[in-house]
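Heads up: the sequence lines are chains A and B, in that order.
Following this note's numbering, the numbering of the first sequence begins with 73 at its first residue and continues without gaps.
Following this note's numbering, the numbering of the second sequence begins with 73 at its first residue and continues without gaps.
Where a beta carbon is used, it is the ideal one built from N, C-alpha and C, also for glycine.
In this text the structure is predicted, and so the values were computed from the model without any measurement.
Structure first, commentary second.
Number of protein chains: 2
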Amino acid sequence: MEKRATQGPGAEDDLGAQLRVAVARLHRRFRSERPEGSLGDAALEVLTRLHKHGPRTLTELSEDDRVSPASMSQIVNRLTSAGYAVRTRDPHDGRKVLFSATPEGDAIARAARAQRHAWLDRRLQELSAEDRAVVARAAALFNKIAES
Amino acid sequence: MEKRATQGPGAEDDLGAQLRVAVARLHRRFRSERPEGSLGDAALEVLTRLHKHGPRTLTELSEDDRVSPASMSQIVNRLTSAGYAVRTRDPHDGRKVLFSATPEGDAIARAARAQRHAWLDRRLQELSAEDRAVVARAAALFNKIAES
DNA sequence: TATTGTTATACTCTATAACTATA
DNA sequence: TATAGTTATAGAGTATAACAATA
């Protein structure tokens with residue numbers, strides 16, 4: 073039942089388990105920052121992307137977050153129902169739909185980020201510059217790992 | 073607008089956003105490794121903990137994962153329904169319930185980890201030793217951040 | 001009264017399958 | 001046929017509120 077003997081009993085093996093647990097905990101911590109009655113985490117990330125990068129198609133959004141198009145369709149439904157985003161047909165390809173943030177959506181994206189990231193920004197500020205560099209490198213590594 | 077253009081306020085701000093997105097993506101990637109019909113991510117992590125560390129009370133388990141006791145109660149319900157864990161009353165304190173993995177649960181914990189972490193272990197092996205150290209340090213930092 | 005645990009309920013997030021509309 | 005998007009349905013994960021049992 074033993075692990076990987078590369079570096080001694082359990083050492084390498086533990087890194088995977090440690091990473092999994094740490095990421096799950098941090099993800100729950102992020103979710104818990106949601107104020108009452110506001111958008112959920114996934115919806116807010118999409119809204120933030122629309123706010124920052126302008127109109128995107130459904131397929132693009134689903135690829136950005138690596139979720140199925142059907143899942144993304146439901147996320148943007150929450151945004152359009154709330155009046156934070158709108159659909160427009162692509163004039164050059166009638167199959168495509170472009171999603172954009174409304175002015176209200178832009179305001180929500182700004183406000184929500186400020187509220188919900190305040191504690192994270194504070195924590196990051198408290199780290200040493202070296203530790204912040206570790207976090208930045210780790211984030212890049214995670215994106216690579218998640219793609220594979 | 074800008075991409076970490078300066079060392080000013082915007083640069084620090086970006087790290088938080090990058091971390092959030094990277095963690096969300098990696099978390100979804102972890103979840104997607106679930107084979108058909110098997111336990112979900114949260115349930116498997118609890119089962120793994122019971123397998124590794126022996127009997128735990130509900131409160132202990134909920135604190136381990138930083139979820140509410142009510143949420144953890146539902147997670148362990150899935151485990152007991154499946155026959156992977158059992159409840160026993162604490163003989164010294166009738167309010168407490170001790171949860172333990174069954175032999176079947178132990179087997180599932182071992183097998184599931186091997187299956188579901190295979191790709192992650194492979195990815196981590198592909199990293200340089202330096203990058204693995206970055207991941208390990210980041211995992212420790214995440215636990216600290218999640219606690220705060 | 002305080003602690004431990006459970007159930008009821010509701011919402012977010014996500015997936016697969018089946019569908020429509022356009023190219 | 002292939003691509004873009006939607007809807008229906010289901011299940012995991014999580015929370016709050018209300019409750020019961022034990023200390």
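Notebook entry, point to check: Quick one, which residues of the stretch 129-150 of chain B are near chain A if we go by CB-CB under 8 Å, in chain order?
Noted result: ASP137, ARG138 and VAL139
Note to self: Is it buried or exposed, A/GLY82, if we count other Cβ atoms within 10 angstroms and call 16 or more buried?
What the structure shows: As a position in the first sequence, residue 82 of chain A is number 10, starting the count at 1. Summary for A/GLY82: the model assigns pLDDT 42, below 50, so the residue's position carries little reliability, and this model does not support an answer.
Item checked: N-terminal and C-terminal residue of the alpha helix (DSSP H) that A/VAL158 is part of -> Residue numbering aside, residue 158 of chain A sits at position 86 when the first sequence is read from its first letter. Where A/VAL158 is concerned, there is no enclosing alpha helix (DSSP H), although the beta strand (DSSP E) it sits in stretches over 157-161.
Check: For A/ILE217 and chain B, any beta-carbon pair shorter than 8 Å?
Finding: Within the first sequence, the letter at position 145 stands for residue 217 of chain A. Yes, its Cβ sits closer than 8 Å to a Cβ of chain B.
Notebook entry, point to check: The alpha helix (DSSP H) spanning B/SER140 covers which residue range?
Noted result: The residue labelled residue 140 of chain B in the question sits at position 68 within the second sequence. No alpha helix (DSSP H) contains B/SER140, which DSSP labels as neither H nor E.
Margin query: Quick check on this structure: which residue in A/HIS189, A/ASP86 and A/ARG138 has the alpha carbon closest to the alpha carbon of B/SER104?
Written below: What you label residue 104 of chain B is simply residue 32 of the second sequence in a count that begins at 1. Out of A/HIS189, A/ASP86 and A/ARG138, A/ARG138 has the C-alpha closest to the C-alpha of B/SER104.
Next item on the list: Taking only beta-carbon positions, decide if A/PHE171 is within less than 8 Å of chain B.
Entry: Walking along the first sequence from the start, residue 171 of chain A turns up at place 99. No, because no Cβ of chain B sits closer than 8 Å to the Cβ of A/PHE171.
Checklist line | Minimum Cβ-Cβ distance from A/LEU122 to chain B less than 8 Å | finding: On the first sequence, position 50 is the one that residue 122 of chain A refers to. A/LEU122 does not count as touching chain B.
Check: With respect to the alpha helix (DSSP H) encompassing B/ALA183, which residues constitute its N-terminal and C-terminal limits?
Finding: Locating residue 183 of chain B in the second sequence gives position 111, counting from the first residue. First-last of the alpha helix (DSSP H) with B/ALA183: 175-198.
Note to self: Can you look up B/SER172 in the DSSP assignment and give me helix, strand or coil?
What the structure shows: Position 100 of the second sequence, counted from the first residue, corresponds to residue 172 of chain B. Here B/SER172 sits in strand by DSSP.
Item checked: Alpha carbon of A/ALA154 to alpha carbon of A/PHE171, nearest angstrom -> Counted from its first residue, the first sequence places residue 154 of chain A at position 82. Counted from its first residue, the first sequence places residue 171 of chain A at position 99. About 14 Å.
Notebook entry, point to check: Cβ of B/LEU98 within 8 Å of Cβ of B/ALA181?
Noted result: For the purposes of this step, residue 98 of chain B is identified with residue 26 of the second sequence, where counting begins at 1. For the purposes of this step, residue 181 of chain B is identified with residue 109 of the second sequence, where counting begins at 1. It is not a contact, given that the beta carbons lie outside the stated cut-off.
Next item on the list: Could you tell me which chain B residues have their CB closer than 7 Å to the CB of A/GLY88, listed as they occur along the chain?
Entry: Locating residue 88 of chain A in the first sequence gives position 16, where the first residue counts as 1. Here the neighbours are HIS189, LEU192, ASP193 and LEU196.
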